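**Q**
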Amino acid sequence: MFAEELGGNASRKRQEENRARRRKLKQEQLKKKNDEQKNQTQDLTVKSTVTVTDVVPVTAASAVAANKQPSVVEIATAQCQQRHEVQVQRKACIKIQSFYRTHRSNCLLINEQTMLLNKRLQDLSMLISILKEKSNTDYIPPQQTVTALCQQTIFLTRSIPYQRKTDQHLQMRIRLRDTKRDSKFVQQIFDLVVNPGLASNEGHVNPFAVWIQSPEGKLRIQSMMRLALVVATDPLVDSTIWKSCLNFIRIVTVLKPMSINNPQSNNDNNNNSNNNITASIVEFCHPLVLEQPATSSSIRSIETIPGLLDLVSLLRKHLLYTTGGAPNPLTSTKLRELCIPSKQREQADILFQTVILVIQATKKGSKLEEKLMLRFFSEILTIPLLIWKLSDASIKILCSYRQDSFSQQNQLYILSLIGTFTNVHREIINNGDVESVLCQDLPLKKAGATSIQCLLANMVQLGSSCVQLNGSKPDKLDFEASATYFRFLATLVDAVPVSTLSSRDSVVEWVSDGGHHSPVLIKKTDKDLKMEKELSELGSSSVASLAAKEARVDRNRSFWKSSAWARNLTKGVSKILNSSGSNKGEEKKDRIANNVPYIEGGKLINASAVSQKLAMGKQSVKASSLDTVSLSPTTTSDNQRPSLYSPNLLKALCRLYGIVLARWGGSGGEDIVHQKRAVRQGSKKDVASTSPEPCTQSLLGVLCFSTNFIRVSWGMMQSSEDMCPDFGLIPIIQSACIRPAYNAPQKERHNDRLALFYLFVESLAYQLILTDDTEIHDMERPIPLHQLRRCIIVLKQLLYKACCTEDVSLSNLHSKQEANYFGLALIKTASKAMWNLYDRSSRRLICVPNLWIVEDLMEAELRRCKTEQDYVSLLGANVLRVCPFLVSFKRRLRLFERIVYTNRAQIQGE
Numbered sequence: 052m053f054a055e056e057l058g059g060n061a062s063r064k065r066q067e068e069n070r071a072r073r074r075k076l077k078q079e080q081l082k083k084k085n086d087e088q089k090n091q092t093q094d095l096t097v098k099s100t101v102t103v104t105d106v107v108p109v110t111a112a113s114a115v116a117a118n119k120q121p122s123v124v125e126i127a128t129a130q131c132q133q134r135h136e137v138q139v140q141r142k143a144c145i146k147i148q149s150f151y152r153t154h155r156s157n158c159l160l161i162n163e164q165t166m167l168l169n170k171r172l173q174d175l176s177m178l179i180s181i182l183k184e185k186s187n188t189d190y191i192p193p194q195q196t197v198t199a200l201c202q203q204t205i206f207l208t209r210s211i212p213y214q215r216k217t218d219q220h221l222q223m224r225i226r227l228r229d230t231k232r233d234s235k236f237v238q239q240i241f242d243l244v245v246n247p248g249l250a251s252n253e254g255h256v257n258p259f260a261v262w263i264q265s266p267e268g269k270l271r272i273q274s275m276m277r278l279a280l281v282v283a284t285d286p287l288v289d290s291t292i293w294k295s296c297l298n299f300i301r302i303v304t305v306l307k308p309m310s311i312n313n314p315q316s317n318n319d320n321n322n323n324s325n326n327n328i329t330a331s332i333v334e335f336c337h338p339l340v341l342e343q344p345a346t347s348s349s350i351r352s353i354e355t356i357p358g359l360l361d362l363v364s365l366l367r368k369h370l371l372y373t374t375g376g377a378p379n380p381l382t383s384t385k386l387r388e389l390c391i392p393s394k395q396r397e398q399a400d401i402l403f404q405t406v407i408l409v410i411q412a413t414k415k416g417s418k419l420e421e422k423l424m425l426r427f428f429s430e431i432l433t434i435p436l437l438i439w440k441l442s443d444a445s446i447k448i449l450c451s452y453r454q455d456s457f458s459q460q461n462q463l464y465i466l467s468l469i470g471t472f473t474n475v476h477r478e479i480i481n482n483g484d485v486e487s488v489l490c491q492d493l494p495l496k497k498a499g500a501t502s503i504q505c506l507l508a509n510m511v512q513l514g515s516s517c518v519q520l521n522g523s524k525p526d527k528l529d530f531e532a533s534a535t536y537f538r539f540l541a542t543l544v545d546a547v548p549v550s551t552l553s554s555r556d557s558v559v560e561w562v563s564d565g566g567h568h569s570p571v572l573i574k575k576t577d578k579d580l581k582m583e584k585e586l587s588e589l590g591s592s593s594v595a596s597l598a599a600k601e602a603r604v605d606r607n608r609s610f611w612k613s614s615a616w617a618r619n620l621t622k623g624v625s626k627i628l629n630s631s632g633s634n635k636g637e638e639k640k641d642r643i644a645n646n647v648p649y650i651e652g653g654k655l656i657n658a659s660a661v662s663q664k665l666a667m668g669k670q671s672v673k674a675s676s677l678d679t680v681s682l683s684p685t686t687t688s689d690n691q692r693p694s695l696y697s698p699n700l701l702k703a704l705c706r707l708y709g710i711v712l713a714r715w716g717g718s719g720g721e722d723i724v725h726q727k728r729a730v731r732q733g734s735k736k737d738v739a740s741t742s743p744e745p746c747t748q749s750l751l752g753v754l755c756f757s758t759n760f761i762r763v764s765w766g767m768m769q770s771s772e773d774m775c776p777d778f779g780l781i782p783i784i785q786s787a788c789i790r791p792a793y794n795a796p797q798k799e800r801h802n803d804r805l806a807l808f809y810l811f812v813e814s815l816a817y818q819l820i821l822t823d824d825t826e827i828h829d830m831e832r833p834i835p836l837h838q839l840r841r842c843i844i845v846l847k848q849l850l851y852k853a854c855c856t857e858d859v860s861l862s863n864l865h866s867k868q869e870a871n872y873f874g875l876a877l878i879k880t881a882s883k884a885m886w887n888l889y890d891r892s893s894r895r896l897i898c899v900p901n902l903w904i905v906e907d908l909m910e911a912e913l914r915r916c917k918t919e920q921d922y923v924s925l926l927g928a929n930v931l932r933v934c935p936f937l938v939s940f941k942r943r944l945r946l947f948e949r950i951v952y953t954n955r956a957q958i959q960g961e
């Protein structure tokens, strides 16, 4: 048993030794593997943390951390990161190679297709020329050939989208890789392939007849139209190319007049079938070029596929940024019209004419036509320097006659645009807010002017270029059209900023028709004869001497005898009125030494030969009755619309000139009655200037000394009650306005009267400055004396209402009306004219003194006054500041006396 135990122990011992040896071997292998991984981890750590300039001090903690071995998880993470980086690099290389291969293959394909297309077009051109030379026939390619060549052209002129996001819409753009080569291909496609079939009267050769029946064909039509517009607006292509492209647009969007008897067609059924095919193509293509985005944020470029084929927006963009290079070229001030290159102007012309032709092809009276005309008026006619960017051919289209959709009569196309604009936006226009309905997408820094200023400038230049409106040819002048045109100009002039005509000097030109008409005013009535008799009884006494005499009679004699102040005042007034004394000879010597002319009896001498010549005019005026004045009959050609005289043109011109003079003549910027500046409602900006601009002085000079406007206008007002202003219809004179009121005929007639009266008063006040007393009394310039007295009566009524009665009416109104520049100008101009006439009547009587005054004016106010303060407060009354001559001299002297008396009584006592 002991031996067995010893033997068993030996075998067990050998087994344990084997196990220990195997365990040790495994540990050594594991230790070796761990050492290798540890070395790799330490290398990565050193590379990422250790720098050349930084030295990390060795501490006990760092030594312990260095001796710490990384875990298995950290090792696995580092290995995973390395594998990921390798995979990313491999994918990037594959993707780059894929893009390059795709790009390279596309370039090779494009070059191959380009060469193939070029060869096909050359063969087709040669075939057409051979057929034309041999058999004198036009070759029309088959529909399959047209489809193949168009698809090839569309492919060569599109950008290649290599990548897009999953949620992003695919946007392909028109791209001309070689502008000269590709544009030439496009021209050949339209001239040789597409246009011959479209222009043919045979429906089976029309390629669009097949395309329009499928969605793919319709998309192909849109692509061809977009390609044509892109090439037509490219400034680098030749003129023949864009003409060919726009010719294609006109063919597919404008329906040709249908022919009833076509000799080329076999029968009427074929003719009707061809017309139906053409009509269906135009019906599909015409709305495509007139689409408008719902909002500005959804506007896409014309090159984008899909995108909007909006001709109006495309034309605006082209005229703003392509023609001239900028909305307002930098050289426009120096070069004027020459700042636009001729090639760019020609390109803009063709596009402009195409847009008008497409708009005119719209169904008359439809909502679409109205919308397009509004857009054209708002977006195109507000472009800065529009007339400079177009030629006379385009302007001639705007100034040509065409049947209007509303009136169903032949009318100038520019007036049709104006009529549509005013009919749709009449309420906004009547409120004076025209600019709010105009296109305002152009910053002021780029345009240099607001949209309404650009519109006004373009309308003025259009009118000066149109013979039917400018009056350069009297036989072609259209009076009604001119009245409508100038009426709209008055609307624009009323709404433009006041700085429009204040920025620089303007020149006003007057177009003469070769002669003037000077009607004789109506004859004197019994009232005129009575006033002349009273005047003859008074003799040559002045107004001041008569007033002083009347005051001496009516005043209390005890006051004049007892008051030393009254006696001194009487002596001073007598010296002033008599202009005589002991030192009269010395004064005469002084005047001769100073070259001062001697004035005797308070009269002005006729020392101004220039003013007399201007007042007389260059030609002698023949007397003729107002009722017998007639214009010479106008001669018209067969294709020219006959023109009949209409007084509406004179009324429109009076309104336009009246607005200009009221805003920039220096009278409408200040309220002389209430002594405050005139500003626009809701704004602190002035609506009228406070000093006259040079352009208004030139305009008044032309009206007064180059025309017979003063006599004609006053004759119209005196001969017709419809032309006389009725101040009773105006609740407040300060709020009077002559802005054109569309679709309000009664208000329009009232505004015409006010405009005519204001322009007459403004012209009269201006001419009186250069007119002496001799011309007024002996030569009856500017109007006869008896008519001048009637004018004084009308002006007196106006000033009395403005200064005396309106204060009461304003206090009774719950909401105070806003003052208008025209009402303020009317009051100030009337006051200026009355002051001039009153001063002249003080030197030499024009009328009896009672004609100036208003009976019992300020009598009640004087009776209510008790103290000195009450009397002094009357000196600030509107009537005494603006027109004191309306108050009798007795009451003014009484007021002065009461002020002195109450002041003395307050100081010295009763």
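Quick note: the sequence shown uses the working numbering, first residue 52, plus one each step.
Using N, Cα and C, we set each Cβ at its ideal position, and we do this for glycine too.
Source: prediction; values computed, not measured.
1. What residues match up with Ile225 in a beta bridge as DSSP calls it?
2. Rounded to whole angstroms, what's the CA-CA distance from Gln194 to Val256? Just pull it up for me.
3. With a 10 Å radius around its C-beta and 16 neighbouring C-beta atoms as the bar for buried, classify Leu846 as buried or exposed.
4. In the structure shown, what three-state DSSP assignment does Asn481 receive?
5. In the DSSP assignment, what residue or residues form a beta bridge with Tyr452?
6. For the alpha helix (DSSP H) that contains Gln959, what are its first and last residues?
7. Quick one: Cα of Thr165 to Cα of Ser234, how far?
8. Using the three-state DSSP reduction, which class does Glu721 fall into: helix, strand or coil?
9. Met1021 to Ala816, Cα distance in whole Å?
10. Restricting to runs no shorter than 4 residues, where is the alpha helix (DSSP H) found entirely within the region 772-846?
11. Need the endpoints of the alpha helix (DSSP H) that Asp890 sits in, please.
12. For the alpha helix (DSSP H) that Ser749 lies in, which residues bound it at each end?
13. Could you give the distance in angstroms between the alpha-carbon of Ser553 and the alpha-carbon of Glu744?
14. What does the alpha-carbon distance come out to for the pair Glu948 and Asn954?
15. Find the nearest neighbour of Gln459 within the set Pro494, Ser445, Lys415, Gln120, judged by alpha-carbon distance.
16. Can you grab the Cα-Cα spacing for the pair Thr577 / Phe537, in whole Å?
17. Smallest Cα separation from Leu425: which of Thr405, Ser364, Ser451?
18. Give the single residue among Asp777, Ile783, Ala806 whose Cα lies nearest to the Cα of Pro791.
19. Looking only at its own chain, which residues have a Cβ that is under 8 Å from the Cβ of Asp285, when we skip the five neighbours before and after it?
20. If you draw a straight line from the C-alpha of Ser502 to the C-alpha of Val475, how long is it?
21. Kindly confirm or deny that the region 715-727 and the region 821-833 touch, where touching means at least three C-beta pairs closer than 8 Å.
22. Out of Val933, Met830, Cys916, state which residue places its alpha-carbon closest to the alpha-carbon of Leu875.
23. Below 8 Å, can you find three or more Cβ-Cβ pairs linking the region 761-770 to the region 460-471?
24. So, for Asp443: in the same chain, excluding its five sequence neighbours on each side, which residues have a beta-carbon less than 8 Å away from its beta-carbon?
25. Is the region 431-449 in contact with the region 327-343, if contact means three or more CB pairs nearer than 8 Å?
26. With H, G and I counted as helix, E and B as strand and the rest as coil, what does DSSP make of Asp443?
27. Tell me which same chain residues have a C-beta within less than 8 Å of the C-beta of Ser451, skipping the five on either side of it?
28. Got a sec? Which residues, its chain only, sit under 6 Å from Asn794 by beta carbon, not counting five neighbours each side?
29. Where Leu419 and Asn509 are concerned, what is the direct C-alpha to C-alpha distance, given to the nearest angstrom?
30. Can you tell me the Cα-Cα spacing of Lys146 and Ile434, whole angstroms?
31. Name the DSSP beta bridge partners of Leu341, please?
32. So Pro833 and Gln818 are supposed to be a Cβ contact under 8 Å. How far apart are they, rounded?
33. Does the beta-carbon of Tyr151 have 16 or more other beta-carbons within 10 angstroms, so that it is buried, or is it exposed?
34. Go to Gln395, then tell me how far its alpha helix (DSSP H) extends in each direction, as first and last residue.
35. Distance, Cα to Cα, Val245 vs Lys170?
36. Would Ala881 and Leu849 be called neighbours here (beta carbons separated by less than 8 Å)?
**A** If we stick to the structure as given:
1. Arg209
2. 6 Å
3. buried
4. helix
5. Leu463
6. 940-959
7. 13 Å
8. strand
9. Any answer about residue 1021 is impossible in this case: the structure gives the chain only from 52 up to 961.
10. 796-820, 824-828
11. 872-894
12. 745-756
13. 7 Å
14. 10 Å
15. Lys415
16. This sequence places Asp at residue 577; Thr is not what is there. So the two alpha carbons sit approximately 40 Å from each other.
17. Ser364
18. Ala806
19. Leu227, Thr230, Ser234, Trp293
20. 19 Å
21. no
22. Val933
23. no
24. Ser516
25. no
26. helix
27. Leu463, Tyr464
28. Arg477
29. 25 Å
30. 49 Å
31. Asp361
32. 5 Å
33. exposed
34. 393-411
35. 18 Å
36. yes
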